[in-house]
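Reading through the structure tokens given below for one structure.
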RNA sequence: GCCGAGAUGGCGGAGUGGACAAUCGCACCAGACUGUAAAUCUGGCGGCCGAAAGGCCUGCUUAGGUUCGAAUCCUAAUCUCGGCA
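Residue numbers (my numbering): 14 to 398.
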């Protein structure tokens with residue numbers, strides 16, 4: 014993998030670049046669409062490509078449980094398994110084993126995390142499993158993504174300081190072990206870039222020491238995780254501001270689970286984020302929340318989105334947006350999309366997802382163009398003011 | 001025409017003397033969605049006032065009646081469904 018910076022914005026830390034991977038280039042800033050179980054729900058690889066996506070992010074935890082590494086081995090990698098030709102990323106599964114259960118009653122029963130690793134029960138059949146940093150790397154080697162993540166344990170702001178400090182200490186150790194195991198595994202096969210994850214929440218000192226650790230260890234890229242990067246743009250701002258001054262030019266930066274829609278994207282990009290993934294964009298599509306740009310009435314207040322299930326769209330003969338060039342808007346009316354969504358037709362998931370993914374990819378293209386032309390700030394103004 | 005069953009909120013359907021403005025489901029309305037256990041989840045849903053707690057009004061086909069009290073019991077009417085002619 015090689016990251017090449019094309020242009021840096023003068024007023025902000027936004028940057029345009031290219032990530033060269035063994036399976037294609039990713040022009041940055043870019044959105045990595047999420048295909049957790051080697052599938053972007055509702056889309057096939059042609060749809061994904063036509064919606065403008067260059068990279069897909071899958072998940073170690075889910076694919077390890079199903080179909081399992083032995084099955085993926087038969088295909089070669091998730092690329093062959095899902096027939097996606099382009100670059101891929103896998104998340105390490107650290108996030109999943111730590112926090113997948115916190116919504117249920119089984120908190121503390123289904124997962125036990127020690128310095129050695131995470132023992133947990135499968136959400137599918139209850140079987141006991143363990144993922145260690147080494148094992149996460151081994152699984153990700155089989156999955157064969159171009160970019161892989163170190164095994165970590167995200168903190169939660171609601172947790173006690175003591176618990177979070179333990180997670181942070183453990184994550185340093187886990188990431189170092191991930192790195193050592195990864196070095197061994199890269200002796201064969203296609204090169205997989207390993208990103209180290211910078212934790213620390215809103216604490217500048219911790220963030221900085223994590224960043225220093227990631228840079229000095231020799232990871233190929235930098236990832237930001239935890240909830241401060243999540244849904245709230247104001248929080249994302251604070252979280253990224255802790256270390257955005259220290260990001261190097263020669264390492265790509267990924268925001269894991271960046272939320273907040275267009276606003277969150279601008280916040281992240283102007284702080285040096287090159288790639289990000291997000292599940293809401295595709296998940297919201299399936300429940301009928303669709304993005305619209307400023308020309309169609311998108312604002313910070315409405316979060317640049319509409320709900321296609323609202324009765325006002327019943328019978329509308331025009332598309333969601335006349336300005337949108339996505340397959341759905343070019344071929345179908347808003348009234349038909351409303352009808353499909355209200356009725357839970359499988360086609361609704363596809364058309365809605367295509368729209369949202371295309372929308373975000375288009376925004377990323379506009380952002381990239383504006384950085385190259387030197388007018389990123391005015392683009393941002395036209396969206397956020 | 002006769003015999004039998006029934007009529008509850010936009011719909012389906014509970015409740016069969018007081019805890020009922022009425023379980024629940026659907027529909028509808030509003031909201032949420034971070035490295036996806038999510039085609040998911042949450043809230044509202046007779047009217048009026050209130051941020052809420054709560055208060056007032058109207059209400060279980062219609063008209064009477066019994067009762068301290070009726071969606072629930074009685075009488076009649078209307079309508080619907082099933083069976084027989």
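A virtual CB, placed ideally from N, CA and C, is assigned to each residue, including glycine. In this text, all values refer to a predicted model and were calculated from it rather than measured experimentally.
Taking a contact as a CB-CB distance under 8 Å, the pair residue 149 and residue 214 does not count as one, their CB atoms being some 22 Å apart. Burial state of residue 324 is exposed, judged by a 10 Å Cβ sphere holding fewer than 16 other Cβ atoms.
Annotation for residue 397: 276, 279, 313 place their beta carbon closer than 7 Å to its own, counting only its chain and skipping 5 residues before and after. Beta-carbon to beta-carbon, residue 273 and residue 249 are separated by about 6 Å, close enough to satisfy the 8 Å threshold. DSSP places residue 242 in the helix class (H, G or I) of the three-state scheme. Considering only 352, 297, 305, 335, the residue with the shortest C-alpha distance to residue 326 is 352.
Here DSSP, grouped into helix, strand and coil, assigns residue 155 to helix. Ranked by Cα distance from residue 129, the options 182, 304, 89 are led by 182. According to the DSSP assignment, residue 207 belongs to the beta strand (DSSP E) that extends over 206 to 211.
Look at residue 136 here: in three-state DSSP terms it is coil, with no helix or strand label.
Looking at the backbone, the Cα of residue 288 and that of residue 37 are separated by about 15 Å. The Cβ atoms of residue 41 and residue 31 sit closer than 8 Å to each other.
Proximity of the region 301 to 315 to the region 382 to 392 falls short of the contact definition, fewer than three beta-carbon pairs being nearer than 8 Å.
Taken atom to atom, the span from the alpha-carbon of residue 260 to that of residue 200 is near 29 Å.
Taking C-beta atoms under 8 Å as the contact rule, residue 265 and residue 159 fail to qualify, at a distance of about 11 Å. Residue pairing for residue 237: DSSP places it in a beta bridge opposite 211, 268.
When the five nearest sequence neighbours on each side are left out, the beta carbons in the same chain lying within less than 6 Å of the beta carbon of residue 184 are those of 165, 166, 212, in order along the chain. Only residues of its own chain outside the window of five on either side were considered, and among them 78, 79 have a CB closer than 8 Å to the CB of residue 137, listed in chain order.
Non-local beta-carbon contacts of residue 202 in its own chain, meaning distances under 8 Å to residues more than five positions away in sequence, involve 154, 157 in chain order. The straight-line gap separating the alpha-carbon atoms of residue 194 and residue 358 is approximately 45 Å.
Taking 8 Å as the cut-off, the beta carbon of residue 14 is found closer than this to the beta carbon of residue 206.
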